[in-house]
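Residue numbers for the sequence shown follow my numbering, so the first one is 529 and each next one is one higher. Just so you know, even glycine gets a beta-carbon here, dropped at the ideal spot from N, CA and C. Working notes, beginning with the structure itself.
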Amino acid sequence: INDLLVDIHNRIPEEVPFEIGKEINLVIPKNRDGLLTTPNGLACDGTNAYLFGSTLDGKMSVGAVGVYGLDGKQKYIIGRKHDKERKPGYLASAGDIAVTSDFIYVFDKNIRQINVFNKKDGQIVDLISADQLFNGQRGINLLTYAGNNVLALVKSAKKDEADKLFMLNMQK
Numbered sequence: 529i530n531d532l533l534v535d536i537h538n539r540i541p542e543e544v545p546f547e548i549g550k551e552i553n554l555v556i557p558k559n560r561d562g563l564l565t566t567p568n569g570l571a572c573d574g575t576n577a578y579l580f581g582s583t584l585d586g587k588m589s590v591g592a593v594g595v596y597g598l599d600g601k602q603k604y605i606i607g608r609k610h611d612k613e614r615k616p617g618y619l620a621s622a623g624d625i626a627v628t629s630d631f632i633y634v635f636d637k638n639i640r641q642i643n644v645f646n647k648k649d650g651q652i653v654d655l656i657s658a659d660q661l662f663n664g665q666r667g668i669n670l671l672t673y674a675g676n677n678v679l680a681l682v683k684s685a686k687k688d689e690a691d692k693l694f695m696l697n698m699q700k
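Shown next, in the form of structure tokens:
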């Protein structure tokens with residue numbers, strides 16, 4: 529694997545702002561380290577890549593979603609509370625995301641809500657309280673369906689209760 533990583537690294541021109549991630553065997557933007565201290569996952573819609581996880585906002589750990597073009601250039605960041613560059617929509621934690629044609633759905637597992645952002649600029653569009661809609665859950669997984677639809681799998685906190693599946697849809 530190390531020989532393969534060296535070979536990949538030697539094929540990337542010096543001026544390209546990337547580094548080889550030895551642990552995960554990927555080429556990642558160098559400035560990603562300043563954004564996500566603890567990456568939770570990645571989504572891609574064919575135009576952009578969406579890295580989500582935790583970052584430091586001052587001395588506090590908060591959730592964030594970094595939106596990158598496929599060339600590795602950062603477009604915008606969602607979620608950081610004190611960052612003057614951040615778009616509205618503070619995230620305590622980014623547990624899962626789904627990217628649709630027009631929206632980015634982010635499940636905040638600490639606040640227990642789903643935040644919906646406009647995909648073009650990262651502006652907050654709507655909030656769905658998970659406590660009110662999904663009472664008694666222990667987690668939510670989001671899955672992009674068709675168009676602007678998202679499937680939300682709600683895992684029950686009770687052993688004798690079945691998980692629930694909801695269809696979420698935002699209209700333009």
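Asked: CA-to-CA distance, Val678 to Lys692, given in whole angstroms; Found: 14 Å
Asked: Own chain partners of Pro567 with C-beta closer than 7 Å, once the 5 adjacent residues on each side are dropped; Found: Leu579, Gly581
Asked: Burial state of Leu619, where buried means 16 or more other Cβ atoms lie within 10 Å; Found: buried
Asked: Euclidean distance between Cα positions of Ile556 and Asp688; Found: Note that Ile556 scores 48 on pLDDT, short of 50, meaning its location in the model is unreliable and no value can be drawn from it.
Asked: Local Cβ density within 10 Å of Asn638, reported as buried at 16 or more and exposed below that; Found: exposed
Asked: Cβ-Cβ separation, Ile625 to Val593 (assumed contact under 8 Å), whole Å; Found: 6 Å
Asked: Neighbourhood of Leu655 by C-beta, 8 Å cutoff - its chain only, sequence neighbours within 5 removed; Found: Gln641, Ile642, Asn643, Val644
Asked: Classification of Gly607 by the beta-carbon crowding that lies within 10 angstroms, buried from 16 upward; Found: buried
Asked: Counted within 10 angstroms of its Cβ, other Cβ atoms place Lys601 as buried (16 or more) or exposed; Found: exposed
Asked: Cut-off 8 Å between Cβ atoms - residues of its own chain near Asp561, not counting five sequence neighbours on either side; Found: At Asp561 the pLDDT is 45, less than 50, meaning the model places this residue with poor confidence; the figure from the coordinates comes in the next sentence. So no residue of the chain qualifies.
Asked: Outcome for Leu670 when other beta-carbon atoms lying within 10 angstroms are tallied against a minimum of 16; Found: buried
Asked: Rounded separation between Tyr633 and Ile668 - CA only; Found: 12 Å
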